[in-house]
Structure formats: C-alpha cells, structure tokens
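Novice:
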Amino acid sequence: MNHPFLDGNKRTAFYATNVFLCKNGSFIECDNNEAHPFFMKLFKTNAFRFEELHAWLQEHVKPLSIMGQ
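Here our numbering is used: position 6 in the sequence shown is 251, and no number is missing along the way.
Encoded structure:
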C-alpha cells in the first residue's frame with residue numbers, strides 16, 4: 246500500500262490544499278456535499294485527469310477577501 250493513512254487520503258489532501266490556499270490568500274468555496282462526489286468520481290475512475298481538477302479548482306477557489314460576505 247502506498248498511502249500514509251489507512252483511510253482519509255483524499256480528505257487530507259483536500260484540507261491540506263485549502264490550508265495552503267488560505268496561507269496564500271485564497272480558499273476553496275464549496276460544501277462537502279459538492280466536493281465529496283466530485284473527488285470520489287475523479288479518483289474512482291482510475292483515469293485521473295488533472296484538467297478536470299484544474300477546472301474545478303478554478304471554479305471554486307476564491308480570494309479570502311470575499312470570505313464571509
């Protein structure tokens with residue numbers, strides 16, 4: 246097995262990405278009901294396409310200045 250955790254790799258990657266973005270002035274704007282199905286589909290197909298992830302991030306990454314508005 247090539248995963249550091251028995252369970253939670255996708256969640257850990259998602260939150261680590263969001264922490265990185267927050268430290269750099271942005272955040273991921275979505276709820277779990279939206280993100281979870283997207284990431285499950287993205288990784289379950291065994292045909293990961295960076296372009297799909299890139300498009301999703303472009304749509305959902307927002308500047309911290311709008312957070313809470």
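C-beta: ideal position from N, C-alpha, C; glycine also.
Here the structure is a predicted model, which is why all the values come from computation and not from measurement.
Just tell me which of His305, Ile311 and Phe295 has its CA closest to the CA of Ile273.
Specialist: The shortest Cα separation from Ile273 among His305, Ile311 and Phe295 belongs to His305.
Novice: Mind listing, in chain order, the continuous alpha helix (DSSP H) runs of no fewer than 4 residues lying wholly within the region 258–311?
Specialist: Runs found: 277–289 and 295–305.
Novice: Pull up the distance between the alpha-carbon of Phe288 and that of Ser310, whole angstroms please.
Specialist: Roughly 31 Å between the two C-alpha positions.
Novice: Output yes or no for whether 9 Å exceeds the beta carbon distance between Ala280 and Phe259.
Specialist: Yes, the pair counts as a contact, with Cβ atoms nearer than the cut-off.
Novice: By Cβ distance below 8 Å, which residues in the same chain neighbour Cys267 in space, the five residues on each side in sequence not counted?
Specialist: For Cys267, where only same-chain residues beyond five positions count, the Cβ hits under 8 Å are Leu309.
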